[in-house]
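A.B. asks: Numbering (the working numbering), first residue to last: 34 to 511.
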Amino acid sequence: MALSQKHSGKVFVPWFSSLEWRKVYYSLHAGSETDYSTALRILEIWKSRTPHLSAGLEGTLIVLQALLLEDGELAETQISQIYALSIMRFLNLCAANTDRQGAFTRSVEKHDIPKWLIDIRHDVAHAHKLPSKDILKVGLQTALRWLKERYWEQQFELVQDYEVYEEHFGLEIIEVIKLYARLILNIHNQNDEVLSGAYMNKLSNLVKRKYKVRPDQLDANTIKSVLEETIRQLLSDPNNQTAMEKNVEVLVSNDFMLGVMPELDSTRIPSSFRDIWIDLLDILNDYNLLIPLLGKLYQFTGDSLMSSPLRNVASLWIDEIFKGLISKKYVKKEENMSEGEIERKIKFKSLNQVPVEEVQTFEDMVLNSPNEYVFNYLESMLCYGGKNEDYIEETRKLLSKLLSKQNMSWDNSLATVDDLPEIDDVPEVPVIKTEPPVEEIEVATTRWTLLTDTKEFRGCPLGVLPHQHGDSNPVLLF
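1. Beta-carbon separation of Leu323 and Val387 under 8 Å?
2. Using 8 Å as the Cβ pair cut-off and three pairs as the minimum, do the region 156-164 and the region 90-109 touch?
3. At the level of alpha carbons, what is the spacing between Gly172 and Val192?
4. Hey, quick one: how far does the alpha helix (DSSP H) through Glu186 stretch, first residue to last?
5. Quick one: is Lys430 buried, meaning 16 or more other Cβ sit within 10 Å of its Cβ, or exposed?
6. Rounded to a whole number of angstroms, what is the C-alpha to C-alpha distance between Thr93 and Ser360?
7. Using the Cα positions of Leu330 and Cys127, report the straight-line distance between them to the nearest angstrom.
8. Using the Cβ count rule (16 or more neighbours within 10 Å means buried), how would you classify Ala108?
9. In three-state terms, what does DSSP make of Thr71?
10. Could you check what DSSP says for Ile146 in three-state terms: helix, strand or coil?
11. Exposed or buried, which one is Pro271 when buried takes at least 16 other CB atoms within 10 Å?
12. Alpha carbon to alpha carbon, how far is Phe408 from Arg307?
13. Just to confirm, is the Cβ distance from Phe381 to Asp288 under 8 Å?
14. Check whether the region 275-291 and the region 55-64 are in contact - that is, three or more C-beta pairs closer than 8 Å.
15. Find the nearest neighbour of Ser413 within the set Ser383, Trp350, Pro47, judged by alpha-carbon distance.
16. Could you check where the alpha helix (DSSP H) with Gly89 kicks off and where it finishes?
17. For Ala160, count neighbouring Cβ atoms within 10 angstroms of its own Cβ and tell me buried if that reaches 16, exposed if not.
18. In whole angstroms, give me the CA-to-CA distance for Glu390 and Gly418.
19. Using a Cβ-Cβ cut-off of 8 Å, state whether Ala128 counts as contacting chain B.
20. Count the other CB atoms within 10 Å of the CB of Thr394; is the residue buried (16 or more) or exposed (fewer)?
21. Mind checking Leu52: buried by the 16 CB within 10 Å criterion, or exposed?
22. Checking 8 Å against the spacing of the C-beta atoms, do Met277 and Ile354 come in under that value?
23. So, are the CB atoms of Ser383 and Asp319 less than 8 Å apart?
24. Locate the alpha helix (DSSP H) running through Ser258, then write down its first and last residues.
25. Out of Asp152, Ala117, Glu182, point me to the one whose CA is closest to Lys170's CA.
26. Are the CB atoms of Leu124 and Val141 nearer to each other than 8 Å?
27. Determine the direct distance from the alpha carbon of Glu261 to that of Leu313, and round the result to whole angstroms.
28. Distance check for Trp179 and Asp167, CA to CA, integer angstroms please.
29. How far does the alpha helix (DSSP H) with Leu564 in it extend, from its first residue to its last?
30. For Gly292, which three-state DSSP category applies?
What follows is the structure, encoded as structure tokens:
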């Protein structure tokens with residue numbers, strides 16, 4: 034009997050287990066070329082098992098194969114052609130659901146594909162010249178980001194093993210973190226509907242183990258405590274710590290930590306939104322995961338493909354975290370602060386201090402590659418690193434000059450004589466001219482002299498000089 038007849042709603046898939054599927058998910062979200070290669074290798078195995086992959090998997094395979102091409106192996110025109118074909122195949126497979134002429138654009142736009150990516154496909158199909166390789170590569174990166182959001186993120190909640198009994202609560206650390214984040218956001222938004230679907234099933238297993246009741250019989254704060262305890266237990270395993278360190282960026286998204294707008298006329302994150310994350314930040318601090326989180330927030334601020342408001346919020350989170358660490362580091366100084374000043378800082382409960390060398394590494398990374406959002410957290414970062422006010426102010430001035438030069442364009446900032454340095458007060462330096470001594474020296478211009486009397490050459494064969502006569506040289510026969 035076929036599987037579909039014996040088990041309604043179950044389908045065959047190319048991966049061996051949900052852990053194998055999630056291995057690809059985590060590799061894609063890690064972002065490094067090595068992790069992308071790992072994901073591609075597994076996808077190619079799935080392709081050999083099941084030639085007709087789902088659109089999301091096939092699209093990911095197409096995009097990764099193009100992005101991981103070695104530049105040295107092919108000419109630039111060949112790489113551009115591969116990039117262009119990959120974008121066309123991605124759009125045809127993943128973003129369009131019709132073959133009717135004229136309906137393609139409407140179908141793609143309905144799936145929130147950027148219009149400029151659709152225009153690239155049109156140019157590839159109809160123009161005489163392909164877009165540049167760099168533009169095509171950005172198109173592929175945008176396609177991969179779309180696949181992560183539209184396929185991998187949505188399927189992450191749904192992919193489950195059938196008749197596989199997972200140990201240790203049946204959850205992985207990233208799943209629990211996302212479950213926790215959604216729960217606290219629901220509490221913050223005063224949403225009565227806690228969670229649903231696959232996550233609710235897994236949450237039920239957690240709660241039943243501890244309280245022998247269903248989640249809907251407990252209040253949200255009790256469920257929150259269960260999840261916090263679960264996170265700590267999972268992070269006690271070094272393997273889970275490593276997984277969290279690589280995938281801590283799951284929190285750096287519009288769905289979670291970045292899903293808020295700063296207060297009007299303020300450069301701070303609203304305290305009500307900030308405070309719901311303190312318990313999780315405390316847990317991350319206990320397991321030395323704050324620096325990886327700060328690193329992902331910094332990387333987000335430098336991603337030009339992200340919107341400016343989100344990049345701004347990411348930079349404000351860096352500032353909030355450092356200010357909270359400063360408050361914990363210098364507790365005695367808070368005795369002289371007003372209640373308002375204290376309330377505006379994260380109150381870490383954890384006694385763990387972020388290692389100085391890790392903070393210095395983060396500081397070096399930021400100062401070596403600054404962007405316009407660095408000023409939101411520069412003071413708190415340097416202050417936590419032990420820098421004095423003069424150093425902080427001097428660093429701020431240097432970064433301002435550096436970034437202003439990087440952003441300068443001849444189109445909007447024409448140079449004038451006013452840009453030249455003042456030369457009126459330059460002291461005159463006397464110039465003393467000295468003539469070098471000149472002496473006449475006889476120099477032979479040539480070792481030859483002009484011949485005027487040719488009598489002595491008479492009778493000499495051509496090429497024989499007068500002194501080469503027979504008396505002195507018997508070889509000469511004349």
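Idealized CB from N, CA, C, for every residue including glycine.
C.D. replies: Answer, in terms of the structure:
1. Numbered from 1 along the sequence shown, position 290 holds the residue referred to as residue 323. Numbered from 1 along the sequence shown, position 354 holds the residue referred to as residue 387. Yes; because the gap between Cβ atoms is below 8 Å, this pair is in contact.
2. No, because fewer than three Cβ pairs between the region 156-164 and the region 90-109 fall closer than 8 Å, the two stretches do not touch.
3. Residue 172 sits at position 139 when you count from the first residue of the sequence shown. Residue 192 sits at position 159 when you count from the first residue of the sequence shown. The straight-line gap from Cα to Cα measures roughly 28 Å.
4. For the purposes of this step, residue 186 is taken as the residue at position 153 of the sequence shown. From DSSP, the alpha helix (DSSP H) with Glu186 extends over 186-189.
5. Walking along the sequence shown from the start, residue 430 turns up at place 397. Counting Cβ neighbours within 10 Å, Lys430 comes out exposed, since fewer than 16 surround it.
6. Position 60 of the sequence shown, counting from 1, holds the residue named residue 93. Position 327 of the sequence shown, counting from 1, holds the residue named residue 360. Approximately 45 Å between the Cα atoms of the pair.
7. Stepping through the sequence shown from its first residue, residue 330 is reached at position 297. Stepping through the sequence shown from its first residue, residue 127 is reached at position 94. Across the structure, Leu330 and Cys127 are spaced so that their CA atoms are roughly 30 Å apart.
8. Residue numbering aside, residue 108 sits at position 75 when the sequence shown is read from its first letter. Classification of Ala108: exposed, given that the 10 Å Cβ count is below 16.
9. As a working mapping, residue 71 is identified with position 38 in the sequence shown. Here Thr71 sits in helix by DSSP.
10. Reading the sequence shown from its first residue, position 113 is the one you call residue 146. It is coil, neither helix nor strand.
11. Taking the first residue of the sequence shown as position 1, residue 271 is located at position 238. So Pro271 ends up on the exposed side.
12. For the purposes of this step, residue 408 is taken as residue 375 along the sequence shown, with counting starting at 1. For the purposes of this step, residue 307 is taken as residue 274 along the sequence shown, with counting starting at 1. Taking the straight line from one Cα to the other gives about 20 Å.
13. By one-based count along the sequence shown, residue 381 stands at place 348. By one-based count along the sequence shown, residue 288 stands at place 255. Their beta carbons are not under 8 Å apart, which means Phe381 does not touch Asp288 by this criterion.
14. yes
15. Against the sequence shown, residue 413 aligns to sequence position 380. Looking at the Cα atoms, Trp350 is the closest of the given residues.
16. On the sequence shown, position 56 is the one that residue 89 refers to. Start and end: 88-100.
17. One-based indexing of the sequence shown puts residue 160 at position 127. Exposed, because fewer than 16 other Cβ atoms sit within 10 Å of the Cβ of Ala160.
18. What you label residue 390 is simply residue 357 of the sequence shown in a count that begins at 1. What you label residue 418 is simply residue 385 of the sequence shown in a count that begins at 1. Cα to Cα, Glu390 sits roughly 9 Å from Gly418.
19. No chain B is part of this structure, which consists of one protein chain only.
20. As a position in the sequence shown, residue 394 is number 361, starting the count at 1. Classification for Thr394: exposed.
21. Within the sequence shown, the letter at position 19 stands for residue 52. Exposed, since its Cβ has fewer than 16 Cβ neighbours within 10 Å.
22. As a position in the sequence shown, residue 277 is number 244, starting the count at 1. As a position in the sequence shown, residue 354 is number 321, starting the count at 1. In this structure, Ile354 does not lie closer than 8 Å to Met277 by Cβ.
23. Within the sequence shown, numbered from 1, the residue matching residue 383 stands at position 350. Within the sequence shown, numbered from 1, the residue matching residue 319 stands at position 286. Less than 8 Å divides the Cβ of Ser383 from the Cβ of Asp319.
24. In the sequence shown, the residue the question calls residue 258 occupies position 225. Ser258 -> alpha helix (DSSP H) spans 253-268.
25. Residue numbering aside, residue 170 sits at position 137 when the sequence shown is read from its first letter. Measuring from the Cα of Lys170, the nearest candidate turns out to be Ala117.
26. Translated into positions along the sequence shown, residue 124 becomes position 91. Translated into positions along the sequence shown, residue 141 becomes position 108. A contact, by the Cβ cut-off of 8 Å.
27. In the sequence shown, residue 313 corresponds to position 280, counting from 1. In the sequence shown, residue 261 corresponds to position 228, counting from 1. In a straight line, the C-alpha of Leu313 is about 8 Å away from that of Glu261.
28. On the sequence shown, position 134 is the one that residue 167 refers to. On the sequence shown, position 146 is the one that residue 179 refers to. When rounded, the separation of the alpha-carbon atoms in Asp167 and Trp179 is 18 Å.
29. There is simply no residue 564 to check, as the chain begins at 34 and stops at 511 in what is shown.
30. On the sequence shown, position 259 is the one that residue 292 refers to. Looking at Gly292 - three-state DSSP - the assignment turns out to be coil, as it is neither helix nor strand.
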